[in-house]
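Asker: Heads up: the sequence shown at position 856 corresponds to 856 in our numbering, and the numbers run straight through without jumps. Every residue, glycine too, gets a C-beta built ideally from N, C-alpha and C. Since this is a predicted model, take the numbers as computed values, not measurements.
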Amino acid sequence: MPLLEPDPGALRPRGPGVPAPDRVPDRLAAGTPHALRTELTELLGAEKVLWKVSDLVRYSTDASPYRFVPQVVVVAEDVDDVSAVLSYAHGRQRDVVFRAAGTSLNGQAQGEDILVDVRRHWTGVEVLDGGRRARVRPGTTVLRANAALARHGRILGPDPASAIACTVGGVVANNASGMTAGTTRNSYRTVSSLTLVLPTGTVVDTADPLADEELARAEPALCRALMAVKAEIEADPVLTARIRAKYEIKNTTGYRLDAYLDGTTPVEILRGLMVGSEGTLGFISEVVFDTVPLDRELTSALLFFPSLPAAAAAVPLFNEAGALAVELMDGNTLRASVSVAGVPADWADLPKDTAALLVEFRAPDAAGRAECERRAAAVLPALELVAPVASVTNAFTRDPGTISGYWKARKAFVTAVGGARPPGTTLITEDFAVPPARLAEACEALLALQEEHGFDAAVAGHAAHGNLHFLLAFDAAKPEDVARYAAFMDAFCRLTVERFDGSLKAEHSTGRNMAPFLELEWGPEATALMWRTKRIVDPDGILAPRVLLDRDPRAHLRGLKTIPRVEAVADPCIECGFCEPTCPSEDLTTTPRQRIALRREMTRQQPGSRVLDELLGSYGYDAVDTCAGDSTCKLACPVGIDTGALMRDFRHRRHGPREERAAALAARRFRTVEAAARLAVAAAGAVPDAVADRLLGAATALARKAVRPDLVPAWLPQIPGAAARRLPPTRRAGAAAVYYPACVNRIFGNPDGHPGPSLPEAVVAVSERAGMPVWIPEDVAGTCCATIWHSKGYADGNRIMANRTVEAAWGWTAGGRLPLVVDASSCTLGLAREVVPYLTDDNRALHAGLRIVDSVVWAAEELLPRLEVLRTVGSAVLHPTCSMRHLDDEAQLRTVAEACAEEVVVPDDAGCCAFAGDRGMLHPELTASATAPEAREVTARRFDAHLSANRMCEVGMDRATGRGYHSVLLALERATRP
């Protein structure tokens with residue numbers, strides 16, 4: 001055992017230890033049953049079978065109110081793996097559920113037997129026909145697909161609010177639509193072709209001209225049965241008319257029976273049935289979409305009304321005027337959204353009954369937008385508008401920032417409202433549609449029903465299409481709360497069907513919570529056809545049982561998950577999964593959502609349970625050690641949950657007194673530590689590279705084994721040589737700013753193969769060249785932004801260094817009169833924000849008076865306008881750092897790069913490199929995993945320059961790509977050098 005191995009018990013939950021009714025039972029403490037694990041491992045390989053109890057728990061949750069623990073998780077790499085699993089399930093009478101992003105709201109991504117991850121190895125976008133079509137793999141997020149299409153002026157038709165996280169496979173399998181898709185731009189209408197794997201393992205490419213011929217040979221009974229159902233429906237004019245009528249409004253309840261009417265062959269029918277089938281009929285391995293235009297000329301307004309019915313009554317007027325989107329938000333939604341960055345704080349004071357419409361018109365050009373503005377203006381005088389708080393304007397705008405803020409508030413409906421729910425409650429998201437002309441009536445009826453059953457739900461929706469969403473919160477651990485929810489659901493479903501002839505699920509698909517009500521909406525004849533369809537395509541019932549079809553009238557009450565209290569920072573989490581695509585460890589260990597889900601399961605367990613011990617034993621590496629701590633999860637989370645901060649706190653909890661004392665001593669004597677580190681790097685540089693890499697690699701490997709991998713960095717060949725012993729000379733007199741070279745740039749020098757000035761020399765030279773000279777204080781050595789201690793959870797060391805550096809900066813900047821320019825983005829973030837909680841009251845006041853400026857912002861805003869660019873390179877690829885995302889200065893990075901290169905590219909898959917100071921040396925596998933998608937893009941073509949703004953991130957990208965990354969400021973110095 002390593003010398004300083006942390007005690008897993010240090011992370012034991014602090015609480016009453018009362019076991020929850022839905023806790024994972026001790027029989028699963030050893031994970032997957034031995035026989036199942038062994039057989040699947042022999043079939044697929046050990047690396048594709050996840051079997052630990054921590055694996056099962058982290059895959060047992062999605063964005064829904066349900067929780068089902070799988071017996072095993074298979075990470076499928078290709079269609080062969082999927083076919084092998086299906087064949088195995090047939091032979092062993094087991095069932096299979098496919099899972100991609102896990103953003104489903106009705107439990108579709110959960111299974112109780114074999115769960116197959118089809119996200120990790122299933123990403124990719126191929127743009128076809130100049131963007132008019134796109135071939136997309138199922139694990140690709142909608143946001144990523146649209147990024148590739150946007151360069152061609154196109155996007156996908158479906159536009160769900162969860163586009164940042166939801167994947168194309170899930171969107172098609174649920175027929176998700178979104179803000180603007182309605183009934184004409186949803187998946188059913190815009191999918192050109194599918195490649196699917198049937199439960200038997202038969203693969204069908206519906207675009208193949210020979211697909212029907214091949215399917216008839218492989219599955220003759222299936223083909224005959226599908227055509228027989230088609231003939232029966234077409235022979236019944238009443239049923240045919242009923243099916244057509246049901247899809248005049250948004251409807252995702254049950255199977256798409258109109259596929260039998262729209263398709264003329266078995267393959268065409270299958271293509272339609274697969275859309276919205278929720279993984280119950282087969283696996284969608286590839287989708288080809290017909291895309292829609294990306295109209296970039298917008299005019300939008302957020303209009304406030306005294307009540308929900310008053311807002312709903314205005315919807316038809318904007319529909320007639322041609323608005324593309326008319327989104328409804330009630331008072332609860334508006335008030336909860338103040339947690340979203342950019343939303344006016346005074347919305348918290350809106351009256352309870354207030355409602356708003358987000359109205360947007362889109363056009364391909366300025367003339368079209370002007371016509372939209374004319375039509376919008378004609379509607380306004382007839383509306384009953386109110387302005388209950390100062391920020392309300394009730395006016396249309398073209399401003400992109402304002403429009404973006406409106407949409408952030410709207411898209412955060414589920415997560416922001418869910419985050420504001422009472423602690424310990426489960427969140428239910430309902431989704432229904434009525435004829436748009438009856439929307440106001442439906443709103444009144446819904447409000448009355450909620451009041452009758454004691455709910456104060458939040459309501460929002462795609463009002464233009466008569467589609468409303470509402471959220472209910474209750475405690476699933478209390479039988480009386482579950483009974484109240486059950487009574488409400490019975491009444492709500494009857495109301496929707498019997499009074500409005502509406503859709504019980506408009507776009508979230510049937511799922512577990514609406515399956516029992518399928519016959520209520522469709523009637524016995526159509527429902528029987530759906531059961532028959534399932535038997536035709538999946539006669540053994542191996543795919544996703546009880547997800548879409550369920551005869552149990554109380555099935556929607558089975559598997560409701562409790563939400564036990566955990567650490568306060570994580571308590572608001574509704575497990576939506578928005579954080580996952582941005583997480584560097586997503587494909588290595590766990591994600592922020594999974595870290596919280598595992599923590600909640602620990603809390604559900606009784607003290608001393610075997611499951612708890614197993615979870616604690618895995619959590620150290622899977623959750624704490626392999627968290628990059630970059631907190632980009634906070635940016636993706638609509639309620640700002642910072643799981644990185646939670647993991648840093650857990651690191652602190654695991655430290656023993658000896659570690660804390662050593663870290664504090666290093667902070668006190670950092671001048672000596674800094675000098676020793678530079679000398680060590682210089683000594684390594686004096687040895688031939690091959691010898692140094694071999695010897696230092698072996699030495700650090702032994703030390704990591706003896707001490708602990710999370711404390712001793714591994715030696716990497718990409719580590720640069722030592723910086724010069726002395727920083728470039730500068731003068732305080734006449735300086736326009738104080739220049740603070742980060743300690744990493746005082747220790748490490750330029751990347752190999754990059755001749756010319758060091759980064760400090762370049763910053764000094766280019767600032768002087770622009771007539772904005774900078775001064776480097778002589779006593780910067782021994783100071784630091786404190787990120788070294790902050791990222792590892794060393795609280796005492798963090799306090800010592802944070803206060804020392806802020807006090808010094810106050811003196812250097814003459815009490816804040818000069819800006820402090822910092823040349824590493826992570827250090828800028830550390831000094832600007834992260835040190836604040838660790839400062840004394842006096843030093844916090846000093847800090848408030850400092851102007852801390854990142855060197856890239858300094859260059860873009862102060863230097864570049866005063867410089868003459870004399871030479872450029874042809875192309876440059878950028879790696880924006882995660883700190884830049886926090887600081888919101890990615891645009892300035894691009895501005896400086898565009899001055900230095902004729903073409904500037906930011907990879908679509910650019911993300912956090914996870915090097916995180918030295919974490920990439922503590923856990924090289926983390927950086928390797930995090931950078932893999934971006935590296936594939938970067939290495940797919942040649943670039944003349946590879947630029948970033950943080951030395952250790954550059955090292956991480958060097959290692960990932962084999963290309964030499966360097967600071968954009970070095971490029972600027974070269975571009976403007978006389």
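Please list the terminal residues of the continuous beta strand (DSSP E) segment that includes H462.
Answerer: On the sequence shown, position 462 is the one that residue 462 refers to. Here the beta strand (DSSP E) through H462 covers 458-462.
Asker: If we ignore side chains and look at the alpha-carbon of each, how far apart do T184 and K408 end up?
Answerer: As a first step, residue 184 is located in the sequence shown; it is residue number 184 there, counting from the start. As a first step, residue 408 is located in the sequence shown; it is residue number 408 there, counting from the start. The alpha-carbon separation between T184 and K408 amounts to approximately 24 Å.
Asker: When DSSP builds the beta bridges, which residues end up paired with N467?
Answerer: Counting from one through the sequence shown, the residue named residue 467 turns up at place 467. DSSP output for N467 lists A433, H462 as bridge partner(s).
Asker: So, for T931: in the same chain, excluding its five sequence neighbours on each side, which residues have a beta-carbon less than 6 Å away from its beta-carbon?
Answerer: In the sequence shown, the residue the question calls residue 931 occupies position 931. If we look at T931 and ignore the five residues flanking it on each side, its Cβ neighbours are C913, A960.
Asker: Kindly identify the DSSP beta-bridge partner or partners of L143.
Answerer: Within the sequence shown, residue 143 is the residue found at index 143, counting from 1. Within the DSSP bridge table, the entry for L143 names no partner.
Asker: Compare the beta carbon distance of S300 and A420 with 9 Å and say whether it is the shorter of the two.
Answerer: Your numbering for residue 300 matches position 300 in the sequence shown. Your numbering for residue 420 matches position 420 in the sequence shown. For S300 and A420, no; Cβs fall outside 9 Å.
Asker: Measuring CA to CA, which of A370, M329, V18 is closest to L350?
Answerer: Numbered from its first residue, the sequence shown carries residue 350 at position 350. Here the closest residue by C-alpha is M329.
Asker: I'd like to confirm something about M274: is its beta-carbon nearer than 8 Å to some heavy atom of the ligand GTP, or not?
Answerer: Here there are no bound small molecules, and the ligand GTP is not part of this structure.
Asker: If L850 and C900 are in contact, beta carbons under 8 Å, what's the gap, nearest whole angstrom?
Answerer: Position 850 of the sequence shown, counting from 1, holds the residue named residue 850. Position 900 of the sequence shown, counting from 1, holds the residue named residue 900. Actually they are not in contact, since the Cβ atoms of L850 and C900 sit about 30 Å apart, beyond 8 Å.
Asker: Where does I249 fall in DSSP's three states?
Answerer: Looking up residue 249 in the sequence shown gives position 249. Correct three-state label for I249: coil.
Asker: With H, G and I counted as helix, E and B as strand and the rest as coil, what does DSSP make of Y965?
Answerer: Translated into the one-based positions of the sequence shown, residue 965 becomes position 965. In this structure, Y965 counts as strand in the three-state DSSP scheme.
Asker: How many whole angstroms separate the CB atoms of A134 and A147, which I take to be in contact at a CB cut-off of 8 Å?
Answerer: In the sequence shown, residue 134 corresponds to position 134, counting from 1. In the sequence shown, residue 147 corresponds to position 147, counting from 1. Not confirmed; about 11 Å, so no contact.
Asker: Taking just the CA atoms, how far does P33 sit from G71?
Answerer: Position 71 of the sequence shown, counted from the first residue, corresponds to residue 71. Position 33 of the sequence shown, counted from the first residue, corresponds to residue 33. Rather than Gly, the amino acid found at residue 71 in this sequence is Gln. When only Cα atoms are considered, Q71 and P33 end up about 7 Å apart.
Asker: Note down the Cα distance separating A781 from A808, rounded to an integer number of angstroms.
Answerer: On the sequence shown, residue 781 is found 781 positions in, with the first residue counted as 1. On the sequence shown, residue 808 is found 808 positions in, with the first residue counted as 1. Going from the Cα of A781 to the Cα of A808 covers about 11 Å.
Asker: Relative to the C-alpha of D796, which candidate in P553, P657, S60 has its C-alpha closest?
Answerer: Within the sequence shown, residue 796 is the residue found at index 796, counting from 1. Of the candidates P553, P657, S60, the one whose C-alpha sits nearest the C-alpha of D796 is P657.
Asker: I'd like the span of the beta strand (DSSP E) that includes S300, first residue to last.
Answerer: The residue given as residue 300 occupies position 300 in the sequence shown. Looking at the DSSP string, the run of the beta strand (DSSP E) that includes S300 is 297-305.
Asker: For D205 and I284, I'd like the C-alpha separation in whole angstroms.
Answerer: As a first step, residue 205 must be located in the sequence shown, where it is residue number 205. As a first step, residue 284 must be located in the sequence shown, where it is residue number 284. When rounded, the distance between both Cα atoms is 10 Å.
Asker: Taking the straight line between their C-alpha atoms, what separation do you get for A928 and V955?
Answerer: Position 928 of the sequence shown, counted from the first residue, corresponds to residue 928. Position 955 of the sequence shown, counted from the first residue, corresponds to residue 955. Rounded to the nearest angstrom, the two C-alpha atoms are 12 Å apart.
Asker: Between the alpha carbons of A358 and S967, how many angstroms are there, rounded?
Answerer: Taking the first residue of the sequence shown as 1, we reach residue 358 at position 358. Taking the first residue of the sequence shown as 1, we reach residue 967 at position 967. It should be noted that the sequence gives Leu, not Ala, for residue 358. Roughly 42 Å separates the two Cα atoms.
Asker: Distance, Cα to Cα, S825 vs N745?
Answerer: Taking the first residue of the sequence shown as 1, we reach residue 825 at position 825. Taking the first residue of the sequence shown as 1, we reach residue 745 at position 745. C-alpha separation (whole angstroms): 12 Å.
Asker: Go ahead and label M1 buried or exposed: buried means 16 or more other beta carbons lie within 10 angstroms of its beta carbon, across all protein chains shown.
Answerer: As a working note, residue 1 is residue 1 in the sequence shown. With a pLDDT of only 44 at M1, under the threshold of 50, the placement of this residue in the model should not be trusted; the figure read from the coordinates follows. M1 is exposed by the Cβ-count criterion.
Asker: With DSSP as the reference, label H152 as helix, strand or coil.
Answerer: As a working note, residue 152 is residue 152 in the sequence shown. Reduced to three states, the DSSP call for H152 is coil.
Asker: Give me the Cα-Cα distance between G964 and F98, rounded to the nearest whole angstrom.
Answerer: Taking the first residue of the sequence shown as position 1, residue 964 is located at position 964. Taking the first residue of the sequence shown as position 1, residue 98 is located at position 98. Rounded to the nearest angstrom, the two C-alpha atoms are 40 Å apart.
Asker: For D212, does the three-state DSSP call read helix, strand or coil?
Answerer: Translated into positions along the sequence shown, residue 212 becomes position 212. Here D212 sits in helix by DSSP.
Asker: Measuring alpha carbon to alpha carbon, tell me which residue in R651, V611, T643, V639 is nearest Y621.
Answerer: The residue given as residue 621 occupies position 621 in the sequence shown. It is R651 whose Cα lies nearest to the Cα of Y621.
Asker: Can the beta-carbon of G107 be found closer than 9 Å to that of G559?
Answerer: The sequence position of residue 107 within the sequence shown is 107, counting from 1. The sequence position of residue 559 within the sequence shown is 559, counting from 1. Taking 9 Å as the Cβ cut-off, G107 and G559 qualify as a contacting pair.
Asker: Would a check of beta-carbon distances place H886 closer than 9 Å to chain C?
Answerer: The structure shown contains no chain C, having only a single protein chain.
Asker: Would you call Q110 buried or exposed, if buried means 16 or more other Cβ atoms sit within 10 Å of its Cβ?
Answerer: Numbered from its first residue, the sequence shown carries residue 110 at position 110. With 16 or more Cβ atoms within 10 Å of its Cβ, Q110 is classed as buried.
Asker: When you compare the CB positions of L471 and A458, do they come within less than 9 Å of one another, or not?
Answerer: Taking the sequence shown and counting its residues from 1, one reaches residue 471 at position 471. Taking the sequence shown and counting its residues from 1, one reaches residue 458 at position 458. Yes, they are a contact pair.
Asker: Within this structure, are the beta carbons of E862 and A770 separated by less than 9 Å?
Answerer: Locating residue 862 in the sequence shown gives position 862, where the first residue counts as 1. Locating residue 770 in the sequence shown gives position 770, where the first residue counts as 1. Yes, Cβ-Cβ distance for E862 and A770 is below 9 Å.
Asker: Drop a sphere of 10 angstroms on the beta-carbon of S855, count the other beta-carbons inside from all chains shown, and report buried for 16 or more, exposed for fewer.
Answerer: Here residue 855 is taken as the residue at index 855 of the sequence shown, counted from 1. Answer is buried; the Cβ neighbour count reaches 16.
Asker: Whole-angstrom Cβ separation of V168 and V203, contact assumed at under 8 Å?
Answerer: On the sequence shown, residue 168 is found 168 positions in, with the first residue counted as 1. On the sequence shown, residue 203 is found 203 positions in, with the first residue counted as 1. Between V203 and V168 the Cβ distance is about 18 Å, and since that is not below 8 Å, they are no contact.
Asker: Can you give me the start and stop residues for the beta strand (DSSP E) that A313 sits inside?
Answerer: For the purposes of this step, residue 313 is taken as residue 313 along the sequence shown, with counting starting at 1. No beta strand (DSSP E) contains A313, which is instead part of the alpha helix (DSSP H) from 308-321.
Asker: Which residues does DSSP list as the beta-bridge partners of Y740?
Answerer: By one-based count along the sequence shown, residue 740 stands at place 740. Paired residue(s): V822.
Asker: Assess, as a yes-or-no matter, whether the region 249-261 is touched by the region 500-512 under the definition of 3 or more beta carbon pairs within less than 8 Å.
Answerer: yes
Asker: Take A476 as the anchor and find which of P865, P423, L495 has the nearest alpha-carbon.
Answerer: Taking the sequence shown and counting its residues from 1, one reaches residue 476 at position 476. Answer by Cα proximity: P423.
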